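J.: Numbering of the sequence shown is given in the numbering used here, commencing with residue 1 and proceeding in unit increments.
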Amino acid sequence: MEQLHFIFDLDGTVFQVLDGINKEQDLKRFNKIFGNRFIERYSVFACDYRHLVFPGFYSLFRWILNRGDKLYFFSNGIKERNQEAVKKLMKKTFGKNYKAKLEEVEIYSREDHLDTYKSQVKNENVQGPFHGNRKKLLSDNIVDKEKIPYTVLIDNDRSYLHQGEEKNFLNVLHSAVGYYQQRFKKDLFYHFHKSYYICGLINSAIKLMKRENLTLADSLWQLQVKDTGEEFNRNFYYPLRRNPKYYLKGYKILKRLNPNLEFYCDIPETDKK
């Protein structure tokens, strides 16, 4: 089988930065809810800021690399922050052996994005349905063109999607504002357990790929878009993100790598079946 390529955004996808005037207050809230042991386990410091990693991502990265697939990070953050953050993510993931694994990982930053203001390419050739000032072009920028059918960009922000690479996009909910804001409480399960969703959806796509002799990109497109029956346009909001089935599937897989993983909040009552 072809080697698969998984490209992760960082901010709002893998972790949330604690910054701003309320950062100490926010940290106290998290500590009260989850406890100091949890906070320390899921914190990495980069450029003197605490980044809270969503549960399960350490196991998800191990699962990907253990499969023999390729892991990348592609963030609009500055290069120094991204490199420091990923180094510490790998250390939390693999412990003493992290340096060898870190050498297998590729890290891309703000300067690797396509700036649509500065680009000589016509805007209509890069934007697609979701307008954005910066685009995360994958083909012949992050991976060779021939690898694109087996490449996935995992991001919470649709505006980074480059036209022509819609099938390569796996969308997750943004951030975890639901940690502490009451109005987002009903979605907390989906914000908080994104790693489970990613794992469950990727695993389902791989099974479909093998069963139907599809590429990974075509399998993801089938699951995320075609099977929903909705038209893919600027109003498409990836409804699968609120399907508990994929969270449960991914949780079962990642729990084999870390038996201590759990669900840290409940599935919304309206979504229980």
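In this text, a Cβ means the ideal position worked out from N, Cα and C, and glycines have one as well.
Treat the numbers as computed from the prediction; the structure is a model and nothing was measured.
In this structure, what does DSSP give as the bridge partners for A46?
T.: For the purposes of this step, residue 46 is identified with residue 46 of the sequence shown, where counting begins at 1. In the DSSP output, where bridge partners are listed per residue, A46 has Y49.
J.: Using 8 Å for Cβ pairs, my map puts L71 next to V105. What's the rounded Cβ distance?
T.: Counting from one through the sequence shown, the residue named residue 71 turns up at place 71. Counting from one through the sequence shown, the residue named residue 105 turns up at place 105. That belief holds up - the Cβ atoms of L71 and V105 are roughly 5 Å apart, short of 8 Å.
J.: What's the gap between the Cα of P149 and the Cα of K99?
T.: Numbered from its first residue, the sequence shown carries residue 149 at position 149. Numbered from its first residue, the sequence shown carries residue 99 at position 99. The alpha-carbon atoms of P149 and K99 are separated by roughly 29 Å.
J.: Spatial neighbours of S175 within its chain, please: CB distance less than 6 Å, with the 5 preceding and 5 following residues excluded, ordered by chain position.
T.: By one-based count along the sequence shown, residue 175 stands at place 175. Once the five neighbours on either side are set aside, the close Cβ partners of S175 are G12 and Q16.
J.: What does DSSP give as the partner residues of F15 in its beta bridges?
T.: For this step, residue 15 is matched to residue 15 along the sequence shown. Paired residues: D11 and V53.
J.: Work out the CA separation of R67 and L170 for me, nearest whole Å.
T.: Position 170 of the sequence shown, counting from 1, holds the residue named residue 170. Position 67 of the sequence shown, counting from 1, holds the residue named residue 67. Our two residues, L170 and R67, have alpha carbons roughly 19 Å apart in a direct line.
J.: Would H131 be called buried (16 or more neighbouring beta carbons within 10 Å of its own) or exposed?
T.: Working through the sequence shown from its first residue, we reach residue 131 at position 131. H131 should be labelled exposed.
J.: Closest to Y238 by C-alpha separation, out of K167, L52 and L4, would be which residue?
T.: Here the question's residue 238 lines up with position 238 in the sequence shown. For Y238, the nearest C-alpha among the options comes from K167.
J.: Cutting at 8 Å between CB atoms, please list the residues of its own chain near Y58, excluding the five before and the five after it.
T.: Indexing the sequence shown from 1 puts residue 58 at position 58. Closer than 8 Å at Cβ, skipping near neighbours: L89, K92, T93 and N258.
J.: Hey, K118 and H5: beta-carbon distance below 7 Å or not?
T.: Numbered from its first residue, the sequence shown carries residue 118 at position 118. Numbered from its first residue, the sequence shown carries residue 5 at position 5. Cβ distance not < 7 Å, so K118 and H5 don't count as in contact.
J.: In the DSSP assignment, what residue or residues form a beta bridge with T93?
T.: Taking the sequence shown and counting its residues from 1, the one referred to as residue 93 is at position 93. According to DSSP, T93 bridges with nothing at all.
J.: Using DSSP with H/G/I as helix, E/B as strand and the rest coil, what is S175?
T.: If you number the sequence shown from 1, residue 175 lands on position 175. In this structure, S175 counts as coil in the three-state DSSP scheme.
J.: Smallest Cα separation from Q190: which of L254, K28, P55 and D26?
T.: Position 190 of the sequence shown, counted from the start, is the residue given in the question as residue 190. What sits at residue 190 in the sequence shown is Tyr, not Gln. Of the listed residues, the one whose Cα sits closest to Y190 is P55.
J.: In whole angstroms, give me the CA-to-CA distance for I253 and E40.
T.: Within the sequence shown, numbered from 1, the residue matching residue 253 stands at position 253. Within the sequence shown, numbered from 1, the residue matching residue 40 stands at position 40. In a straight line, the C-alpha of I253 is about 24 Å away from that of E40.
J.: T65: which of Q3, F34 and D112 sits nearest, CA to CA?
T.: Residue 65 sits at position 65 when you count from the first residue of the sequence shown. First, the residue type needs correcting, since residue 65 is Leu and not Thr in the sequence shown. Cα-wise, what sits closest to L65 is Q3.
J.: Go ahead and pull the three-state DSSP assignment for S59.
T.: Here residue 59 is taken as the residue at index 59 of the sequence shown, counted from 1. The DSSP-derived three-state label of S59 is helix.
J.: Do you know whose CA, among P244, Y246, Y108 and L223, lies nearest N82's CA?
T.: Within the sequence shown, residue 82 is the residue found at index 82, counting from 1. Looking only at P244, Y246, Y108 and L223, the smallest Cα-Cα distance to N82 is reached by Y108.
J.: What does the Cβ neighbour count give for G35, buried or exposed, with the cut at 16 atoms within 10 Å?
T.: As a working note, residue 35 is residue 35 in the sequence shown. By the 10 Å Cβ count, G35 comes out exposed.
J.: Decide yes or no for the touch test of the stretch 199-206 against the stretch 240-256: beta carbon pairs closer than 8 Å, at least 3 of them.
T.: Contact holds: three or more Cβ-Cβ distances are below 8 Å.
J.: Would I154 and F45 be called neighbours here (beta carbons separated by less than 7 Å)?
T.: Here residue 154 refers to the residue found at position 154 of the sequence shown. Here residue 45 refers to the residue found at position 45 of the sequence shown. No. Outside cutoff.
J.: Can you tell me whether L254 is helix, strand or coil according to DSSP?
T.: For the purposes of this step, residue 254 is taken as the residue at position 254 of the sequence shown. If DSSP states are grouped into helix, strand and coil, L254 belongs with the helices.
J.: For L161, which option in L114, D69 and A205 has the closest C-alpha, if you only look at C-alpha atoms?
T.: Here the question's residue 161 lines up with position 161 in the sequence shown. Ranking L114, D69 and A205 by Cα distance to L161 puts L114 first.
J.: Quick check on the burial criterion: 16 or more other C-beta atoms within 10 angstroms. Buried or exposed for G20?
T.: Counting from one through the sequence shown, the residue named residue 20 turns up at place 20. With fewer than 16 Cβ atoms within 10 Å of its Cβ, G20 is classed as exposed.
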